[in-house]
Amino acid sequence: MLSKRLLSYFIPIKIHQKKSEINKNLEVTWTNGQLVMDSKNTNYSYGSLQRILRKGLHYIGFERIRNFTNILVLGVAGGSVVKTLTDEIRYKGKITGVELDPQTIELAKKYFEIDQIPNFTIVLDDAFEFVLKTREKYDLIIIDVFQDTVMPNFLFEDFFINRVNYLLNVNGFILFNTMVLNDNQKQRNLDYRSRFDQNYSVRMYPKVEEHNELFTIKKLM
Numbered sequence: 337m338l339s340k341r342l343l344s345y346f347i348p349i350k351i352h353q354k355k356s357e358i359n360k361n362l363e364v365t366w367t368n369g370q371l372v373m374d375s376k377n378t379n380y381s382y383g384s385l386q387r388i389l390r391k392g393l394h395y396i397g398f399e400r401i402r403n404f405t406n407i408l409v410l411g412v413a414g415g416s417v418v419k420t421l422t423d424e425i426r427y428k429g430k431i432t433g434v435e436l437d438p439q440t441i442e443l444a445k446k447y448f449e450i451d452q453i454p455n456f457t458i459v460l461d462d463a464f465e466f467v468l469k470t471r472e473k474y475d476l477i478i479i480d481v482f483q484d485t486v487m488p489n490f491l492f493e494d495f496f497i498n499r500v501n502y503l504l505n506v507n508g509f510i511l512f513n514t515m516v517l518n519d520n521q522k523q524r525n526l527d528y529r530s531r532f533d534q535n536y537s538v539r540m541y542p543k544v545e546e547h548n549e550l551f552t553i554k555k556l557m
């Protein structure tokens with residue numbers, strides 16, 4: 337393993353490839369000395385995605401996050417944002433992760449040991465279905481739901497938005513990672529922002545790692 341890790345500073349070394357009905361193709365690769373999980377066209381965990389979500393968490397504030405008690409992650413993949421929360425931010429509260437793809441969970445356990453993270457529960461479910469069923473409230477809801485580069489339409493529909501808002505505690509935050517590849521998606525995000533009234537403080541951070549746009553949304557009352 338050490339030789340592959342060292343060699344990966346010069347060229348990526350693929351160590352596992354798996355077909356998935358949901359994400360088509362999943363790969364685990366040594367890149368620049370780090371294990372990453374990728375789909376066909378984008379990074380799923382660690383690598384650029386971890387940097388993107390770390391920036392979003394930084395915008396919210398690490399100290400503030402440490403004082404939260406309950407976090408929901410919609411879209412777990414390899415679990416890099418969970419590792420950021422526990423290892424870097426030193427968050428000690430409860431984390432629930434929801435992931436639709438069982439193949440992704442299998443790889444995340446084997447290569448990234450997400451099942452060893454304390455106070456972290458992973459749920460195999462559709463994000464839309466989960467938010468309908470859960471009775472818990474959350475201080476932070478991270479939405480990072482993709483199938484390769486495609487974002488499901490339900491993420492931008494009123495019913496889902498309103499349900500997520502209901503699950504969020506007052507003074508809690510939504511961190512929403514989106515991808516903007518064309519003008520239609522740019523307009524989609526502007527329309528999404530307009531769905532929040534004066535009870536929410538919404539900030540947009542465009543061109544994070546070039547094609548991603550982050551939202552942080554604070555519930556004021």
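Numbering follows my numbering, in which position 178 of the sequence shown is assigned residue number 514; successive positions increment by one, without gaps.
Here a beta-carbon is modelled for each residue, glycine too, at the ideal position from N, C-alpha and C.
| Item | Value |
| --- | --- |
| Distance cut-off 6 Å: residue 482 Cβ against heavy atoms of the ligand GDP | For the ligand GDP, the structure offers nothing, since it holds no ligand at all. |
| Residue burial classification, residue 423 (beta-carbon count within 10 angstroms, cutoff 16) | exposed |
| Best match in 429, 543 and 552 for proximity to residue 510 [C-alpha to C-alpha] | 552 |
| Inter-residue Cα distance where the pair is residue 457 and residue 407 | 11 Å |
| Nearest candidate by alpha-carbon position, reference residue 502, set 473, 516, 526 and 481 | 473 |
| Neighbourhood of residue 495 by C-beta, 8 Å cutoff - its chain only, sequence neighbours within 5 removed | none |
| Residues near residue 538 in its chain [Cβ-Cβ closer than 6 Å; skip 5 each side] | 529, 532 and 553 |
| Backbone CA spacing between residue 445 and residue 409 [nearest angstrom] | 16 Å |
| Best match in 372, 486, 440 and 365 for proximity to residue 386 [C-alpha to C-alpha] | 372 |
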